[in-house]
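Note sheet for the following structure.
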Amino acid sequence: MAGADPDDCCRGAHAASQQGEFTQATVWDACRDGIQEAIETQLDDEQAPPVIIDGLPTIGKTRHATETAFDLDVPAAILTHRYETRDVHLNLAAEHQKAVVEVPTLDRDCPTRRGDHGSGWAERINDYRSRGASPTYLHYYLQDVLPCMQDGDCPYLARWDAVEAADVIVGGPAHAALDRVVDDRVVIFDEDPGTAYRTEFDANQLSTAISTFLSKNDDLPIDNHFGLIGAATNEGMEAIRDAIRDELSDNTSIARPTEAVDDDDGHAEAPTAVLAMLELGGPIIGDTAPTEYDWDDQLREEAGLDYVELPDGSQVVYDHAESRVVIRRPPTLDAARAVVGLDGTPVEELWRGRLGVDNIESWRILCDDCRARYLRDVIGYEFVQTTSHVKPYSSGEYVNRRGDFGVIEAVVNRHDTTPGVITTKSAAERLFEEPPSEPFIDIERVTDRIADVKHYGALRSSNDFTGTEVGVVLGSPHPGDRPLQITAAMEGYTAVRGDEGKGTDLDYGIPERPFLRHYREHKIAQAVLRFGRTTAATVYIHTGVLPEWLSEMVTAGPEAVTIEERSEGQRGVIRALLDEGPGTAAEIANRDGVSIGEKQTRDWLKRLQSEGYVSRDDSQPYTWGANGLADAPHTAHVRLPELE
1138 MAGADPDDCC RGAHAASQQG EFTQATVWDA CRDGIQEAIE TQLDDEQAPP VIIDGLPTIG
1198 KTRHATETAF DLDVPAAILT HRYETRDVHL NLAAEHQKAV VEVPTLDRDC PTRRGDHGSG
1258 WAERINDYRS RGASPTYLHY YLQDVLPCMQ DGDCPYLARW DAVEAADVIV GGPAHAALDR
1318 VVDDRVVIFD EDPGTAYRTE FDANQLSTAI STFLSKNDDL PIDNHFGLIG AATNEGMEAI
1378 RDAIRDELSD NTSIARPTEA VDDDDGHAEA PTAVLAMLEL GGPIIGDTAP TEYDWDDQLR
1438 EEAGLDYVEL PDGSQVVYDH AESRVVIRRP PTLDAARAVV GLDGTPVEEL WRGRLGVDNI
1498 ESWRILCDDC RARYLRDVIG YEFVQTTSHV KPYSSGEYVN RRGDFGVIEA VVNRHDTTPG
1558 VITTKSAAER LFEEPPSEPF IDIERVTDRI ADVKHYGALR SSNDFTGTEV GVVLGSPHPG
1618 DRPLQITAAM EGYTAVRGDE GKGTDLDYGI PERPFLRHYR EHKIAQAVLR FGRTTAATVY
1678 IHTGVLPEWL SEMVTAGPEA VTIEERSEGQ RGVIRALLDE GPGTAAEIAN RDGVSIGEKQ
1738 TRDWLKRLQS EGYVSRDDSQ PYTWGANGLA DAPHTAHVRL PELE
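Below, the structure is given as structure tokens:
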């Protein structure tokens, strides 16, 4: 670890030893110093690799990145996905004297895209963009007809001169593909660039885009997708393959933006897909293969995927099962002065591939022990894990409304507050939007008692739950085997689900499980740390899969939690008591909506009495009445642990 005493366990501990105490300020100082040193190391040594700053979401990476950028003697670019986070950087920049400019985007700077000239034009621009045409290309190619170009350059274009002259620029990770954004600048990625450089075609899109491109290019000897497959797999068509390669490999980039604009079915990456299909050859059909291509037998045979890197540096994965193509075109960062990534849960394998670099270093701000010390002792987090089950909620299929609603209501009652809730997008729709398939489940009752619901996919760098004192995380994310396998293949790994492992033991045969951790455990950690952030928070985690470092700092685990779901008949009794008032067991059993008999009703009333929600008088037969029943979780009885 560069810059630290060998006796210190991590940068945070080193900063604390220098200042005499372990506080939020010392951890933030360690983060700031780490960013500065990562940049200085690369400025001093051109051969030094890019660096990822591995820092929890609560240690001020965004602020420190801005401050560091303004302290540099060289220009800098800060790139982050969310406009919200870009605004944070821009607002922080107001505290400094150097010029800062936001990289223009269609969403913010182009009147046509914003809809100022009508929805038809806005939709047309969106369509061109979805088919791979860049914003700058669109403005020049369509300048004679584009409404925003009729009285001079569109504001989108006009802003670029200021960008190139600015000391610090703030944009998105996709902007790293532009030389004028990254060349001769220190480039700081605030969070993983994710899929910013990926294009995906399903089977129909692939066939249509390829056939459209081939049919309109007279210089190519074939005119449709089927002809391409034939040329790729027929040993006697060597001359045709060479002609296609010569035509498509003589440019810096295979992509052609005109293909996105000149035809309704065109796509800028169609030429890339054509060349990839040609090079993959036999594997597409599965029978024969040209001898000049040596693909990865293990990847093809075990995962049903193929990978090829094309002359322009683009990388392509072909999915046999779904006839799908995924193209990645990493940025070229060779001319950047330094490259630093900020990530609360980094996976080096992903960062290397997405940035297109051969080597990258990860500098951790806090070791596991110091993470626990910081989160629990300094910030004041308490983590309660309420189940040992994985609860895979990405598809929404396995969502358990009774148990989940019970947990939410129990948390509300325990803390007398409105918690925030984080789950998967599908689970959120299933829980809070779809009508229940069972009676006596009141969605509105639950939604009225929570502050907001967010889903995993919209969380990175989000501050929506900052300061929220109580949070609930429901279920675990997992995209399914295929997306994970494709992601792994892009990085040179064959990911195959083991025959025995599932749930918490799920394994894809890759040491340390980097891609599963990225999609599952890391997203859970990101969700958990959305609450509170710089202030104390209690977070209930309703899944059994956590990163190891987080599981070790759980205050109370599943063994301290009881969740007993209420049946339809039991919920019917609760509803009958609340709607129609007190009654004997026989009277209540005969009310509309009660589907259990008198004995079961009496037993259930006794159970509710033991829970403290029902009372009875001394008459014979007993008359039962609600006693706090309106506040009781209606779908499950949940016992949460007492916290200090």
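Under our numbering, residues 1138 to 1781 are what the sequence shown spells out, in order. Each residue gets a CB set at the ideal place from its N, CA and C atoms; glycine is no exception. All of these numbers come straight from a predicted model, not from anything done at the bench.
What number of angstroms, rounded off, separates the C-alpha of residue i from the C-alpha of residue j?
{"i": "aspartate 1288", "j": "aspartate 1281", "result": "11 Å"}
{"i": "glycine 1197", "j": "alanine 1473", "result": "24 Å"}
{"i": "isoleucine 1647", "j": "arginine 1251", "result": "45 Å"}
{"i": "threonine 1555", "j": "alanine 1588", "result": "5 Å"}
{"i": "alanine 1553", "j": "threonine 1671", "result": "Checking the displayed sequence, the identity of residue 1553 turns out to be aspartate instead of alanine. About 22 Å."}
{"i": "serine 1460", "j": "glycine 1441", "result": "10 Å"}
{"i": "glycine 1418", "j": "tyrosine 1455", "result": "11 Å"}
{"i": "serine 1531", "j": "glutamine 1452", "result": "27 Å"}
{"i": "tyrosine 1274", "j": "leucine 1470", "result": "22 Å"}
{"i": "arginine 1148", "j": "isoleucine 1464", "result": "38 Å"}
{"i": "aspartate 1618", "j": "alanine 1625", "result": "11 Å"}
{"i": "cysteine 1285", "j": "glycine 1257", "result": "14 Å"}
{"i": "alanine 1565", "j": "glutamate 1486", "result": "31 Å"}
{"i": "histidine 1151", "j": "threonine 1160", "result": "12 Å"}
{"i": "alanine 1202", "j": "threonine 1523", "result": "36 Å"}
{"i": "glutamate 1689", "j": "arginine 1513", "result": "11 Å"}
{"i": "threonine 1603", "j": "glutamine 1663", "result": "13 Å"}
{"i": "valine 1782", "j": "aspartate 1579", "result": "Residue 1782 cannot be examined here, being either before or after the span of the chain that is shown, 1138 to 1781."}
{"i": "valine 1188", "j": "glutamine 1179", "result": "9 Å"}
{"i": "arginine 1776", "j": "threonine 1699", "result": "5 Å"}
{"i": "glutamate 1260", "j": "glycine 1533", "result": "31 Å"}
{"i": "glycine 1765", "j": "arginine 1219", "result": "44 Å"}
{"i": "histidine 1655", "j": "valine 1527", "result": "16 Å"}
Got a sec, what are the start and stop residues for the beta strand (DSSP E) residue i sits in?
{"i": "glutamate 1519", "result": "1519-1522"}
{"i": "aspartate 1401", "result": "Element bounds for aspartate 1401: n/a, residue is neither H nor E."}
{"i": "threonine 1093", "result": "Residue 1093 cannot be examined here, being either before or after the span of the chain that is shown, 1138 to 1781."}
{"i": "phenylalanine 1326", "result": "1323-1327"}
{"i": "valine 1676", "result": "1675-1679"}
{"i": "leucine 1279", "result": "Unbroken run through leucine 1279: none, as it is neither H nor E."}
{"i": "valine 1691", "result": "Valine 1691 -> no beta strand (DSSP E), and no H or E assigned at all."}
{"i": "lysine 1591", "result": "1589-1592"}
{"i": "glycine 1308", "result": "1305-1308"}
{"i": "glycine 1257", "result": "From DSSP, glycine 1257 is part of no beta strand (DSSP E) but of the alpha helix (DSSP H) over 1256-1267."}
{"i": "glycine 1215", "result": "At residue 1215 the sequence reads isoleucine, which differs from the glycine that was named. 1213-1216 is the span of the beta strand (DSSP E), which, as asked, contains isoleucine 1215."}
{"i": "histidine 1099", "result": "Lying before the first or after the last residue shown, residue 1099 is absent from the chain, which here runs from 1138 to 1781."}
{"i": "aspartate 1191", "result": "1188-1191"}
So, under 8 Å CB-CB, residue i and residue j are touching, yes? Tell me the CB distance rounded to an integer number of Å.
{"i": "glycine 1608", "j": "isoleucine 1559", "result": "7 Å"}
{"i": "valine 1307", "j": "phenylalanine 1350", "result": "Incorrect: roughly 36 Å between the Cβ atoms, too far for contact."}
{"i": "leucine 1193", "j": "isoleucine 1325", "result": "In fact, because the Cβ distance is near 18 Å, the residues do not count as touching under 8 Å."}
{"i": "valine 1238", "j": "alanine 1311", "result": "Rounded, the Cβ-Cβ distance is 17 Å, inconsistent with contact."}
{"i": "proline 1467", "j": "tyrosine 1334", "result": "5 Å"}
{"i": "alanine 1763", "j": "leucine 1715", "result": "6 Å"}
{"i": "alanine 1346", "j": "histidine 1404", "result": "4 Å"}
{"i": "valine 1610", "j": "valine 1676", "result": "7 Å"}
{"i": "arginine 1169", "j": "glutamate 1204", "result": "7 Å"}
{"i": "glutamate 1637", "j": "arginine 1586", "result": "In fact, because the Cβ distance is near 41 Å, the residues do not count as touching under 8 Å."}
{"i": "glycine 1730", "j": "alanine 1713", "result": "6 Å"}
{"i": "valine 1225", "j": "threonine 1199", "result": "6 Å"}
{"i": "valine 1445", "j": "glutamate 1416", "result": "5 Å"}
Looking at the secondary structure, which residues open and close the alpha helix (DSSP H) in which residue i lies?
{"i": "arginine 1200", "result": "1198-1208"}
{"i": "serine 1352", "result": "1340-1353"}
{"i": "glutamate 1406", "result": "Segment: none, glutamate 1406 is in no alpha helix (DSSP H) and carries neither H nor E."}
{"i": "isoleucine 1661", "result": "1658-1665"}
{"i": "aspartate 1166", "result": "1161-1181"}
{"i": "histidine 1362", "result": "1362-1370"}
{"i": "glutamate 1375", "result": "1375-1385"}
{"i": "alanine 1713", "result": "1705-1717"}
Consider the Cβ of residue i: report whether some Cβ of chain B lies at a distance smaller than 8 Å.
{"i": "glutamine 1737", "result": "The chain labelled as chain B is not found in the depicted structure, where only one protein chain is given."}
For a test of your reading of the model: does the CB of residue i fall under 7 Å from any non-hydrogen atom of the ligand MG? Yes or no.
{"i": "glutamate 1375", "result": "By its list of ligands, the structure shown contains no ligand whatsoever, and the ligand MG lies outside what it can speak to."}
Looking at C-beta atoms only, is the number of pairs between the segment 1486-1500 and the segment 1330-1347 that lie closer than 8 Å three or more?
Yes: at least three Cβ pairs fall under 8 Å.
Ignoring anything shorter than 3 residues or poking outside the segment 1221-1249, list the beta strand (DSSP E) runs there in chain order.
List check, beta strand (DSSP E) in window: 1237-1239.
Report the start-end ranges of each beta strand (DSSP E) in the segment 1449-1493 that is 3 residues or longer and not cut off at the edges.
Fully enclosed beta strand (DSSP E) runs of 3 or longer: 1452-1456, 1461-1465 and 1475-1480.
Does the segment 1752-1772 come within contact of the segment 1536-1553, defined as at least 3 CB pairs closer than 8 Å?
The segment 1752-1772 vs the segment 1536-1553: in contact.
Complete beta strand (DSSP E) runs within the segment 1490-1570 (minimum length 3 residues, chain order)
Counting only runs of 3 or more, we get 1498-1501, 1519-1522 and 1557-1560.
Give a yes or no on contact between the segment 1705-1712 and the segment 1730-1744, applying the rule of three or more CB pairs nearer than 8 Å.
Here the segment 1705-1712 lies against the segment 1730-1744, with 3 or more beta-carbon pairs under 8 Å apart.
Counting pairs of Cβ atoms below 8 Å between the segment 1494-1503 and the segment 1741-1758, do you hit three or more?
Because the criterion of three Cβ pairs below 8 Å is not met, the segment 1494-1503 and the segment 1741-1758 do not touch.
List, from N- to C-terminal side, the alpha helix (DSSP H) runs of 4 residues or more that fit wholly inside the segment 1586-1657.
Correct list: 1618-1627 and 1651-1656.
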